[in-house]
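Student: With positions in the sequence shown counted from 1, the corresponding number in this note's numbering is that position plus 48.
The beta carbon of each residue, even a glycine, is placed where N, CA and C say it ideally should be.
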Amino acid sequence: MHLELPVNFAEVVEGIYRSSFPQPTHLSALQALRLKTIITLVDEPFSPAHEQFLHDNNIIHHRIIVLAHKDPATRTPDAIINKILQILLDPRNHPVLVHCNKGKHRTGCVVACLRKTQSWSSADILAEYRQYSYPKNRELDERFIFDFDVSGVACLAEENNAPSWSPSDFDASARRRAPQNLLEAPRNL
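(1) Figure out for me which residue from L78, S212, H74, V90 has the closest Cα to the Cα of L162.
(2) Check each candidate in E207, V60, G200, N208 and name the one with the smallest Cα separation from K131.
(3) Which first and last residues belong to the alpha helix (DSSP H) in which T85 is found?
(4) Between the beta-carbon of V60 and the beta-carbon of S68, is there less than 8 angstroms?
(5) What residue range is occupied by the uninterrupted alpha helix (DSSP H) comprising V159?
(6) Identify whether A58 lies in helix, strand or coil by the three-state DSSP scheme.
(7) Determine the direct distance from the alpha carbon of Q134 to that of S95, and round the result to whole angstroms.
(8) Take every Cβ of the region 190 to 199, pair it with every Cβ of the region 95 to 107, and state whether three or more of those distances are shorter than 8 angstroms.
(9) Under 6 angstroms Cβ to Cβ from L115, same chain only, skipping five residues before and after it: list those, please.
(10) Report buried or exposed for P183, applying the criterion of at least 16 other Cβ atoms within 10 angstroms of its Cβ.
(11) Given this structure, state the Cα-to-Cα distance separating E99 from K164, to the nearest angstrom.
(12) Which residue's Cα is closest to the Cα of D138: A80, T85, E52?
(13) Take S76 and list the residues in its own chain whose beta-carbon comes closer than 7 angstroms to its own, dropping the five residues that flank it on each side.
(14) Have a look at A160 and E176 and give me their C-alpha separation to the nearest angstrom.
(15) Going by alpha carbons, who is nearest to Q179 out of C157, D197, T73?
(16) Let me know if Q71 comes out buried or exposed under the rule of 16 or more other beta-carbons within 10 Å of its beta-carbon.
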């Protein structure tokens, strides 16, 4: 049986996944991941199938809106990103999926901020952001990533040893795993 994952799906680190907005056709694949938590970064409503999926699988859902950085006057407050990172940095919430509409810009900014807590270099953080946002990289997203202050979650990241987190079967050259292998790997329960 072929399970279809959402567009831009990837394992960020073991137990943390990113993607576009899951559609009903993706729910079987997501169920195989045994998610405990889903973080939605946009205000788009869920389908009835999605609501039922959350209920049937006892998934805790957080809707925390991240603004699109399309205008210099628009910037998501660091406190909003810190709230998301507090969820991501707490292993009790894993496995967790974080998503926006396309899994590119808002999700990319959140993952980039997580990478800052992991002490990734700016070059590696931007390379990963650009990999998912291509061909529509946003200069304002990159400015947001550069300016984000991790001090609000630095202690939590250190307590949970986040700098050492990596994907299952981590490939340093690719900085991520191939999605087709994720459904075969044992998941955190």
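Tutor: Considering the structure as presented:
(1) Put simply, of L78, S212, H74, V90 the residue whose alpha carbon is nearest the alpha carbon of L162 is S212.
(2) G200
(3) Careful: T85 lies outside any alpha helix (DSSP H), inside the beta strand (DSSP E) at 85 to 88.
(4) No.
(5) 153 to 165
(6) strand
(7) 27 angstroms
(8) no
(9) T122, T124
(10) exposed
(11) 32 angstroms
(12) Of the candidates A80, T85, E52, the one whose C-alpha sits nearest the C-alpha of D138 is T85.
(13) L51
(14) Looking at the backbone, the Cα of A160 and that of E176 are separated by about 8 angstroms.
(15) C157
(16) Exposed is the call here.
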